[in-house]
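Report on the following structure.
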Amino acid sequence: MQINLTGHHVEVTDALREYVTTKFDKLERFFDHINNVHVVLNVEKLQQIAEATLHVNNGEIHAKADSENMYAAIDSLTDKLIKQLTKHKEKMNHH
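Residue numbers (our numbering): 4 to 98.
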């Protein structure tokens, strides 16, 4: 799985990059048909925003989360993605 990570108004530090990679590795263990991921970290005023688009077999999954803390935003983002991946997985299993 390839992760493209970009930052808007925020420096993507090694620590942030490592954190995102660790989180998304867990997603891949959960759902192994993720082809690539595009993650954007953004800061708007006091909001830290993390959003991602996952390119999976038969579709695309997008989620966005924000918090006052970037790590918390990334946590929230991965939780949302897990919920969406679960739905996607169930849909695929019904066919």
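All residues carry an ideal CB built from backbone N, CA and C; glycine is no exception.
Collapsing the DSSP output to three states places Asp78 in a helix.
DSSP assignment within the segment 13-76 yields the following whole beta strand (DSSP E) runs of 3 residues or more, N-terminal first: 37-47, 50-59, 62-70. Spatial neighbours of Val42 in its own chain (CB-CB distance under 6 Å, excluding positions within 5 residues in sequence) are listed in chain order as Leu8, Val23, Ala55. Asn39 and His11 do not touch by the CB rule: their CB atoms are close to 19 Å apart, not below 8 Å. Leu84 is positioned such that its CB atom lies closer than 7 Å to that of Ala66.
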